[in-house]
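Colleague: Sharing a structure here in structure tokens format.
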Ligand code: 13P
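Residue numbers (this note's numbering): 24 to 277.
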């Protein structure tokens with residue numbers, strides 16, 4: 024049996040004003056209060072981080088940024104740094120999300136710098152990887168995912184990274200309602216863990232939590248979490264409603 028505590032993170036993307044975030048998180052905090060054996064967190068939009076940190080004070084819910092820029096400060100209009108995220112109370116940061124890669128043109132070299140900036144500032148990176156529909160159909164899933172991992176981790180290789188979180192998010196499953204089957208996801212998660220073993224050593228690989236992301240809902244969560252290498256989820260749409268997010272957290276509780 025796995026020693027890894029499941030980790031469920033709600034990626035709120037560009038949803039929720041400060042007021043809406045306050046309302047949702049207040050409900051969520053109560054809803055997951057008595058759930059044991061699972062870690063959870065939320066990644067609100069930047070303007071809501073401060074208010075969310077206040078609401079989460081004293082709870083076990085982690086606060087995550089959705090992105091960062093890999094310099095501490097400077098003339099980078101529109102960007103937010105790792106020290107800024109730390110200062111507001113974030114402990115984690117989502118990096119390399121497919122929306123960043125595809126809509127905002129982020130490449131693996133930039134993502135590697137972001138991962139290094141996070142690690143240097145003691146933020147836990149949640150590094151997202153995943154193939155598009157076309158890549159899956161061309162049998163490129165393994166090549167795409169392992170390339171994203173090795174390039175994304177290129178600047179931190181060798182450093183002890185047991186806290187690293189990897190999220191396998193097949194692009195074709197994000198926001199489509201078409202989740203990977205538990206078997207499809209487990210197949211890639213096992214490959215990712217093997218690859219991390221080669222890259223970072225078997226001890227790190229055994230500790231790293233690999234989340235699945237892509238249309239996770241209360242009604243498909245338990246079967247995904249039953250797979251040995253699926254250590255939780257990065258949840259988009261279903262994390263916006265506190266009850267449905269709490270149901271997913273409960274499904275992961277041992
Ligand atoms: P959905 O859960 O809405 O498919 O989004 C997944 C995702 O992108 C989480 O980061």
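Just so you know, even glycine gets a beta-carbon here, dropped at the ideal spot from N, CA and C. Predicted, not measured: the structure shown is a model, and the values here were computed from it.
Taking the alpha-carbon positions, what's the residue 172 to residue 227 distance?
Modeller: Taking the straight line joining both Cα atoms gives about 14 Å.
Colleague: For residue 164, count neighbouring Cβ atoms within 10 angstroms of its own Cβ and tell me buried if that reaches 16, exposed if not.
Modeller: By the neighbour-count rule (16 or more Cβ atoms within 10 Å), residue 164 is buried.
Colleague: Among 139, 140, 188, which has the Cα closest to the Cα of residue 232?
Modeller: It is 188.
Colleague: Could you check what DSSP says for residue 115 in three-state terms: helix, strand or coil?
Modeller: If DSSP states are grouped into helix, strand and coil, residue 115 belongs with the strands.
Colleague: Mind checking whether the beta-carbon of residue 257 lies closer than 7 Å to any heavy atom of the ligand 13P?
Modeller: Under cutoff, so the answer is yes.
Colleague: Would you mind sorting residue 24 into buried or exposed? The rule is 16 or more other CB atoms within 10 Å of its CB.
Modeller: Residue placement at residue 24 is flagged as unreliable, the pLDDT there being 41, under the threshold of 50; the coordinate-derived value follows with that caveat. Label assigned to residue 24: exposed.
Colleague: Would residue 136 pass as a contact of residue 96 if the rule is Cβ separation under 8 Å?
Modeller: It is not a contact, given that the beta carbons lie outside the stated cut-off.
Colleague: Applying the criterion that 16 or more other CB atoms from any shown protein chain within 10 Å of the CB defines a buried residue, is residue 125 buried or exposed?
Modeller: Answer is exposed; the Cβ neighbour count stays below 16.
Colleague: Between the beta-carbon of residue 276 and the beta-carbon of residue 241, is there less than 8 Å?
Modeller: No, these two residues do not count as a Cβ contact at 8 Å.
Colleague: Spatial neighbours of residue 121 within its chain, please: CB distance less than 7 Å, with the 5 preceding and 5 following residues excluded, ordered by chain position.
Modeller: Within the same chain, residue 121 has close Cβ partners 151, 153, 192, 194, 197.
Colleague: Would residue 101 be called buried (16 or more neighbouring beta carbons within 10 Å of its own) or exposed?
Modeller: Result: exposed.
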